[in-house]
Structure formats: structure tokens, C-alpha cells
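This report concerns only the one structure given below.
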Amino acid sequence: MISLPDKFKQRLGWILLLALIWQLIAASHFFSELIFPGLDKIILTLFTSLTNGNLLKQLIFSLIIIAQGLTLTVILALSLSILAYFSELAASLLETLTALAHPLPGIALMPLILIWFGAGKTAILLVIIHSVLWPLILNLRAGFNAMPSIYNLIAQNYCLTKLEFLFKILFPAALPYFISGLKISWARSWRALISAEMLFGAINSLGGIGWYIFQRRVFFDLPGVFAGLVVIILIGIIVEDFIFARLEAKTVQKWGMSK
Amino acid sequence: MSKYLELKSVSKKYQQQNKEELVLKNVNFSVKKGELAAILGPSGCGKSTLLKLIAGFIKTDQGIISKEGRIIRGPGLDRIMLFQDFEQLFPWLTVLNNIIFALKASRKTEKNSFNFWPGQFRQDLKLLAKEYLAKVKLSQYQDYYPHQLSGGMKQRVALARTLAVQGEIMLMDEPFASLDSQTRQDLQQLLSDLQLNNSRTILFVTHDIREAVFLADKIIVLKDNPGEVISVLANNLPYPRQRSSEQFNQLSEKITSLF
Chain L
1 MISLPDKFKQ RLGWILLLAL IWQLIAASHF FSELIFPGLD KIILTLFTSL
51 TNGNLLKQLI FSLIIIAQGL TLTVILALSL SILAYFSELA ASLLETLTAL
101 AHPLPGIALM PLILIWFGAG KTAILLVIIH SVLWPLILNL RAGFNAMPSI
151 YNLIAQNYCL TKLEFLFKIL FPAALPYFIS GLKISWARSW RALISAEMLF
201 GAINSLGGIG WYIFQRRVFF DLPGVFAGLV VIILIGIIVE DFIFARLEAK
251 TVQKWGMSK
Chain U
1 MSKYLELKSV SKKYQQQNKE ELVLKNVNFS VKKGELAAIL GPSGCGKSTL
51 LKLIAGFIKT DQGIISKEGR IIRGPGLDRI MLFQDFEQLF PWLTVLNNII
101 FALKASRKTE KNSFNFWPGQ FRQDLKLLAK EYLAKVKLSQ YQDYYPHQLS
151 GGMKQRVALA RTLAVQGEIM LMDEPFASLD SQTRQDLQQL LSDLQLNNSR
201 TILFVTHDIR EAVFLADKII VLKDNPGEVI SVLANNLPYP RQRSSEQFNQ
251 LSEKITSLF
């Protein structure tokens, strides 16, 4: 028997309770089964969609786009933030750009992106990058600025080159901010992706998870809609509780640097 | 060799909201090779500024600082600084790796880049780092992270890291001032026991008269507003120095009367 931390036991308890309430409501037939399906139906649909349908392919498609978008954005955000760290001119330009672009929701840009780039993968990537880039830059720059000034003196004293300073001092010092920036980025990229997929439709023959949910609605397949939502929740939990939690445990928590 | 490190009519001003403040005025002194010189003065007398000037972090407004006849123009590994701040250790590196960081930095040549080391060399560095850790009596803590250590232990590691660079001059900026009095005395004893004065020249900034009397061969006394040298005393008390001895107290009294 795997022993789970108390936090997870409690969470599991709540989830079971909520599921039970859900199932009771569904079983009472107070709402039509068409709009309030039972969990058994939802899970069955999820299972058949994963095995017989295209859900798995659509999910992988979506995750690949997110991975590409996040990778590109991290590279872009790091480059711009480093540039701004070393150049005041670049910093003021970046601050202006962030101030202008950060308040713009990705979804507001979609019509424009649709006209300029068409409803392709590029369009979805652009929406993701826009949604993620600015908060990530804000976090990274906050992390760079929060570096204790004594590290600058140490870098000078130990005659580090700029590159050594970057990799040996500035990046690890800013890691707590980088990780919390990544968490925000992850959440926002999901949102951007799903809204973009719904708006742009299937951009290859299959589309992604957003398109799956949208299609289920068209067919009035509510168990399918809920199955799509469950998949998104599950992935969110996996990424948050396993990937990010583990990353933090192995780095900033171990180092006593958690914010 | 009588004038190893020499300061000639050194002045330093700081800009403070449209008005200039003179921090150091016409400072002259010299330190012999292998000497432990204490720079003693009340807070705000510019003694830390003096150390930063010698480290090359900032520039003099007037006067020159020279080592072996050569003018100091910037930071270098020959003058390595030990700070008061517990933050000077990198929290993301273990105790041992903090010391290895210094070893790598100081043994860097243009051919041998900071990041790529042959395996054998790594082993050598590790052994060397362990030796320095043993000197400060922290061998059993080599795999700890700084946040797991007490303030006194952090300063010991920082001392080991500074020693590991093997700079000819060690600049110590009130390294023990944030410690409780018992720990401070332990570290003073440790520094004294290391008998560094054979191989290193040490400038030790402090506001603690008894600390200066306990450690130093030469005591340079500064006054504040603006910082000026008011006296340079030789301290010939025999080792091991007893804080309770009559001579010790006489010298302390003598210095107290200078302020």
C-alpha cells in the first residue's frame, strides 16, 4: 500500500464526496439525463473515446503544440530578459512592450491573427506565445532584480565572465521566480490553446482537445463534453502535483529558496 | 617589501541627492606582506568603503592604491573579499560545491574554461575543497545546503571559500559582526589558529576594539565624518592572546581613549 501525504488523502476524500453528490443528483433524474449525465456515462465515454475514438491523438496533438509554444516562449522570454538585464535601453523598450501587450487577452487577438496568419498551427502557437510571454518576462525580470547585490560583487571578485555569471549565478538565483513563471505559463497556455482550438476549428483533420469538446457540444454529447473536461483536469493535476511539485522539491525547496 | 599594500592620500565622495558627501579624506597607510591589519572605526566611518576600494569594486576620487608598486585598477582574484552577509554563500550549491566554485574560479585559465573539467581534475578539486572544509572544522557538513547551517557555520564555509581562492590578500568586511558573542569568539579563535599571516595578508574591518586587539598585528584607527586615519598602532601582544590579560586590556583601553 502506497502511503500518500495527508494533503492527497484529504483531496482524494473531497473528490470522492463530490463525485458521490454528483452521482446522486444524476440518479435523482431531477435534470434530464441529456444535460446532467452520470459519472458512469462520462467515464464510459472517456474510455471509449480514448480507445476507439481520436481523443488520445487529439490530446497528444494539443500537448505537442503546448510543448512547442512553451519552449519557444521560454527561449524568447529568457533572451529578452537577459538583454534587458544588461542594457537599460532594452529594458525600457521591453517594459513598454510588456505594459502594452500584457493587458491584452489572447482571445482578443484571435480575429486579427486569423486574418493575418489564417487558422493554422502558426495561429495557435502565436496565441499561446502571446498569452505566456509577458507574464514569464515579468517573472524572470523580477527574479533577476531580486538577486542579492552581493552576488554581483562576488562575480566581480572571482573574475567571472558574463556567461559564467549568467549560468553560475543569475539563473540559479532567479530559479524560484522562473518556476512560478512557468506555472503561470502552463495554466495560461492551456487556456489559450483551448480557446484557440475552439475558435479556429480543426486545423488538421483531427484538431486538439479543445476541438474535441467543441464537437461533442455540436453533437449534444454531454458525457463527451464532460469527458474532455475530465481529461483537462487530470492533466492539470499531473503537471501541477507531479511535474512542478517534483521540480520544486528537487531544486528551490531543497535549497531553501522557496518564495 | 615594507610597503606591500599602500594607500596614498585616498579620498572618496558619494553623491547623495544633489550634495556630495566626503566618506574618506586623505587616507594614508601601508600594510606589510603577511600582516593582519585591522581597520577599526565606528559605523559610518567609511571602513567598508575603504575595503571596496582596495577590492577594486569602486574607484578612488583622489589618491592611489597600489600593491607591490602596481596601481590597483579593478577587482582581482589576488584580493578576495569575505563579507559580513550570510547571503554570500550560494544557496543552490552544497557546502562543498560552494568551495569548489571558488577553486574553479581561481584556477581558471583561458584554455581551461570554467565549465569543462577533466574527471581527474574534478576529483582533485573535491579533495582540495575537503581540505579547506577541514580547516574550518566543518567536514561532516560537506553535503549540507547553506540554509541548513547556522550563521556561524555559514561564515566558516565562507571563510573556507575565501581561503580556497588562495588570493594573496584577504579582505574581511566585519565577517563576524552578525554573530552572537560566543560564536564570534570561536571564529576569532579559528582565524587566529589558522595562522594565515605566514602566507596571506589580511585586512580585517571591524568596529569591535577587542576583536581588533585579539586578531591584528597592526590596528589602523579611523574616525567618522569624514573617515580619516587617526592612529596606526602596532600590536605586539604575544600569541596565544588572552582576552583577560592585563596587556590586552591596556591596549584596548588605549584605543578606546582615541575616540
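Residue numbers (full-length UniProt numbering), protein chains in the order written: chain L, 1 to 259; chain U, 1 to 259.
For each residue, glycine too, the CB sits at the ideal point set by N, CA and C.
Subject >> Assigned exposure category for Glu110 of chain U - 16 Cβ within 10 Å defines buried >> reply: Here residue 110 of chain U is taken as the residue at index 110 of the second sequence, counted from 1. For Glu110 of chain U, the pLDDT reaches just 44, beneath the cut-off of 50, and the residue's location in the model is therefore unreliable, although a value from the coordinates is still provided. With fewer than 16 other Cβ atoms within 10 Å, it is exposed.
Subject >> Amino acids of chain U, ordered along the chain, whose beta-carbon sits closer than 7 Å to that of Pro223 of chain L >> reply: For this step, residue 223 of chain L is matched to residue 223 along the first sequence. Within chain U, no residue comes near Pro223 of chain L; the closest Cβ sits about 48 Å away, beyond 7 Å.
Original post:
So Ala38 of chain U is in the beta strand (DSSP E); what residue range does that whole segment cover?
Top reply: Residue numbering aside, residue 38 of chain U sits at position 38 when the second sequence is read from its first letter. Leu36 to Leu40 is the extent of the beta strand (DSSP E) around Ala38 of chain U.
Original post:
Is Gly236 of chain L closer than 7 Å to Thr45 of chain L when the C-beta atoms are compared?
Top reply: Against the first sequence, residue 45 of chain L aligns to sequence position 45. Against the first sequence, residue 236 of chain L aligns to sequence position 236. In this structure, Gly236 of chain L does not lie closer than 7 Å to Thr45 of chain L by Cβ.
Original post:
Helix, strand or coil: which one does DSSP assign to Lys108 of chain U?
Top reply: For the purposes of this step, residue 108 of chain U is taken as residue 108 along the second sequence, with counting starting at 1. Reduced to three states, the DSSP call for Lys108 of chain U is coil.
Original post:
What does a CB cutoff of less than 7 Å around Tyr151 of chain L pick up in its chain, not counting 5 residues either side in sequence?
Top reply: Taking the first residue of the first sequence as 1, we reach residue 151 of chain L at position 151. So the qualifying residues of the chain are Ile169 and Ala173.
**OP:** Mark Arg216 of chain L as exposed unless 16 or more other C-beta atoms lie within 10 angstroms of its C-beta, in which case mark it buried.
**Re:** Position 216 of the first sequence, counted from the first residue, corresponds to residue 216 of chain L. Result: buried.
**OP:** Can you tell me which of U:Pro240, U:Thr256, U:Arg243 and U:Asp224 puts its alpha carbon nearest to the alpha carbon of residue 327 of chain U?
**Re:** One cannot answer for residue 327 of chain U here, as it falls past the ends of chain U, which runs 1 to 259.
**OP:** Tell whether a beta-carbon distance below 7 Å holds between Leu24 of chain U and Ser11 of chain U.
**Re:** The residue you call residue 24 of chain U lines up with position 24 of the second sequence. The residue you call residue 11 of chain U lines up with position 11 of the second sequence. Their beta carbons are under 7 Å apart, which means Leu24 of chain U touches Ser11 of chain U by this criterion.
Original post:
Cα separation between residue 272 of chain L and Ile113 of chain L?
Top reply: Residue 272 of chain L lies beyond the residue range present for chain L, which begins at 1 and ends at 259; the question has no answer from this structure.
Original post:
Mind checking Asp6 of chain L: buried by the 16 CB within 10 Å criterion, or exposed?
Top reply: In the first sequence, the residue the question calls residue 6 of chain L occupies position 6. Classification of Asp6 of chain L: exposed, given that the 10 Å Cβ count is below 16.
Original post:
For the segment 176–245 of chain L, which segments carrying the alpha helix (DSSP H) assignment without a break, of at least 4 residues, lie completely within its bounds, in sequence order?
Top reply: 209–218 and 222–237
Original post:
When you check each C-beta in the segment 133–150 of chain U against every C-beta of chain L, which residues fall closer than 8 Å?
Top reply: Tyr145, Pro146, His147 and Gln148
Original post:
What residues are listed by DSSP as bridge partners for Glu20 of chain U?
Top reply: For the purposes of this step, residue 20 of chain U is taken as the residue at position 20 of the second sequence. DSSP output for Glu20 of chain U lists U:Gln15 as bridge partner(s).
Original post:
Thinking just about the alpha-carbon of each residue, which of L:Arg191, L:Pro37, L:Lys183 and L:Ala142 is nearest to the one in Phe171 of chain L?
Top reply: The residue given as residue 171 of chain L occupies position 171 in the first sequence. When only C-alpha atoms are compared, the closest one is L:Ala142.
Original post:
In angstroms, rounded to a whole number, what distance separates the CA positions of Gln250 of chain U and Asp61 of chain U?
Top reply: As a position in the second sequence, residue 250 of chain U is number 250, starting the count at 1. As a position in the second sequence, residue 61 of chain U is number 61, starting the count at 1. Straight-line Cα distance between these residues: approximately 38 Å.
Original post:
Which of the three DSSP states, helix, strand or coil, is assigned to Lys254 of chain L?
Top reply: Translated into the one-based positions of the first sequence, residue 254 of chain L becomes position 254. Lys254 of chain L: coil per DSSP, three-state reduction.
Original post:
Given that Gly76 of chain U touches chain L, what residues does it touch there, using C-beta distances under 9 Å?
Top reply: Position 76 of the second sequence, counted from the first residue, corresponds to residue 76 of chain U. In chain order: Asn157 and Cys159.
Subject >> Anticipated Cβ contact below 8 Å, Asn235 of chain U with Asp217 of chain U, distance rounded >> reply: Counted from its first residue, the second sequence places residue 235 of chain U at position 235. Counted from its first residue, the second sequence places residue 217 of chain U at position 217. With a Cβ gap of about 6 Å, Asn235 of chain U and Asp217 of chain U count as contacting.
Subject >> For Leu128 of chain U and Phe121 of chain U, the rounded distance between their alpha carbons >> reply: As a first step, residue 121 of chain U must be located in the second sequence, where it is residue number 121. As a first step, residue 128 of chain U must be located in the second sequence, where it is residue number 128. C-alpha separation (whole angstroms): 10 Å.
**OP:** With a 10 Å radius around its C-beta and 16 neighbouring C-beta atoms as the bar for buried, classify Ala38 of chain U as buried or exposed.
**Re:** Counting from 1 along the second sequence, the entry for residue 38 of chain U is found at position 38. Buried, because 16 or more other Cβ atoms sit within 10 Å of the Cβ of Ala38 of chain U.
Original post:
Of all the CB atoms in chain L, is at least one closer than 7 Å to the CB of Pro238 of chain U?
Top reply: Along the second sequence, read from residue 1 onward, the residue named residue 238 of chain U stands at position 238. No - not a single Cβ of chain L is within 7 Å of the one on Pro238 of chain U.
**OP:** Locate the alpha helix (DSSP H) running through Thr48 of chain L, then write down its first and last residues.
**Re:** Taking the first residue of the first sequence as 1, we reach residue 48 of chain L at position 48. First-last of the alpha helix (DSSP H) with Thr48 of chain L: Leu39 to Thr51.
Subject >> Amino acids of chain U, ordered along the chain, whose beta-carbon sits closer than 9 Å to that of Ile150 of chain L >> reply: Along the first sequence, one-based indexing puts residue 150 of chain L at 150. Simply Phe83, Asp85, Glu87 and Gln88.
Original post:
In terms of DSSP beta bridges, what is Ile65 of chain L paired with?
Top reply: If you number the first sequence from 1, residue 65 of chain L lands on position 65. Looking at the DSSP assignment, Ile65 of chain L forms no beta bridge with any residue, so it has no partner.
Original post:
For the candidate residues L:Leu55, L:Phe144 and L:Tyr177, whose alpha-carbon lies nearest to that of Ala227 of chain L?
Top reply: Walking along the first sequence from the start, residue 227 of chain L turns up at place 227. Minimum Cα distance to Ala227 of chain L is reached at L:Leu55.
Original post:
chain U partners of Trp211 of chain L, CB-CB under 9 Å?
Top reply: As a working mapping, residue 211 of chain L is identified with position 211 in the first sequence. In chain order: nothing, as chain U lies at least about 42 Å away.
Subject >> Same chain, Cβ closer than 6 Å to Val27 of chain U, neighbours up to 5 away in sequence not counted >> reply: As a first step, residue 27 of chain U is located in the second sequence; it is residue number 27 there, counting from the start. Around Val27 of chain U: Leu7, Val10 and Val229.
Subject >> Within the segment 58–126 of chain L, ranges of the alpha helix (DSSP H) (whole runs, at least 4 residues) >> reply: 88–101 and 106–117
Subject >> For Lys218 of chain U, the three-state DSSP class (helix, strand or coil) >> reply: In the second sequence, the residue the question calls residue 218 of chain U occupies position 218. Reduced to three states, the DSSP call for Lys218 of chain U is strand.
Subject >> Leu82 of chain U and Pro146 of chain U closer than 7 Å at C-beta >> reply: To locate residue 82 of chain U, count along the second sequence from 1; it is residue 82. To locate residue 146 of chain U, count along the second sequence from 1; it is residue 146. Cβ distance not < 7 Å, so Leu82 of chain U and Pro146 of chain U don't count as in contact.
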